[in-house]
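Data first, discussion second: the structure below is written as structure tokens.
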Amino acid sequence: MRRCSQIVKFTHSFVSELFAAYWNEYSTLRETLAFHQSLDWKKTSSKQQQQQQQFPQQGHVCKNCGKSYKQRNNLVRHFKYECGKNPRFQCPYCNFRTKQRYNMYSHIKNKHLGLKIFAIDLEAGN
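Positions 142 to 267 (the working numbering) are the ones given, in order, by the sequence shown.
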């Protein structure tokens with residue numbers, strides 16, 4: 142009988158400690174959630190307001206094709222590598238071509254599972 146009561150005491154103390162640890166963590170999560178809910182997420186930062194004043198909603202527009210980008214560097218990349226140009230990268234496993242290397246890596250990863258990921262640069266010799 143003594144052995145049984147020892148097991149019950151051990152189990153009770155273990156469960157109590159586990160519950161206390163869980164409750165403390167849960168309490169922290171509740172406090173964090175309450176804090177986040179109290180914030181006004183609709184406010185924009187001063188940096189965002191400054192960008193909105195400098196660049197209206199249309200952003201940076203390509204004069205050749207009309208595509209628009211929020212960031213100027215994306216427009217520069219578009220103009221330099223994409224606009225009016227043929228796809229530069231060829232898939233080594235099929236006829237798929239794309240203008241950006243990353244898109245080729247994604248293509249190979251999703252369509253040619255388990256094969257080596259690399260792209261053939263059609264303009265490498267130029």
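C-beta atoms are modelled at their ideal positions from N, C-alpha and C, and glycine is treated no differently.
Source: prediction; values computed, not measured.
Beta-carbon proximity list for residue i, same chain, < 6 Å, skipping 5 on both sides
i      : result
Lys211 : Gly200
Phe196 : With a pLDDT of 49 at Phe196, under the threshold of 50, the modelled position of this residue cannot be trusted; read the value that follows with caution. Cβ neighbours of Phe196 beyond the five flanking positions: none.
Residue from the options whose Cα sits closest to the Cα of residue i
i      : options                        : result
His253 : Leu263, Asn236, Asp262, Ala265 : Asn236
Lys240 : Lys250, Ser247, His248, Arg229 : Arg229
Presumed contact (8 Å Cβ cut-off) between residue i and residue j, rounded CB distance
i      : j      : result
Cys203 : Leu216 : 6 Å
Whole-angstrom distance between residue j and residue i, CA atom to CA atom
i      : j      : result
Lys281 : Ile261 : No statement about residue 281 is possible, as the shown extent of the chain runs from 142 to 267 and does not include it.
Met245 : Arg213 : 24 Å
Tyr222 : Lys257 : 25 Å
Arg238 : Arg218 : 18 Å
Tyr234 : Glu264 : 18 Å
Ile249 : Phe220 : 25 Å
Tyr243 : Phe259 : 10 Å
Gly255 : Ser247 : 13 Å
Cβ neighbours of residue i in the same chain (closer than 7 Å, five flanking residues each side left out)
i      : result
Gly225 : Asn205
Asn227 : none
Beta-carbon proximity list for residue i, same chain, < 8 Å, skipping 5 on both sides
i      : result
Asn251 : none
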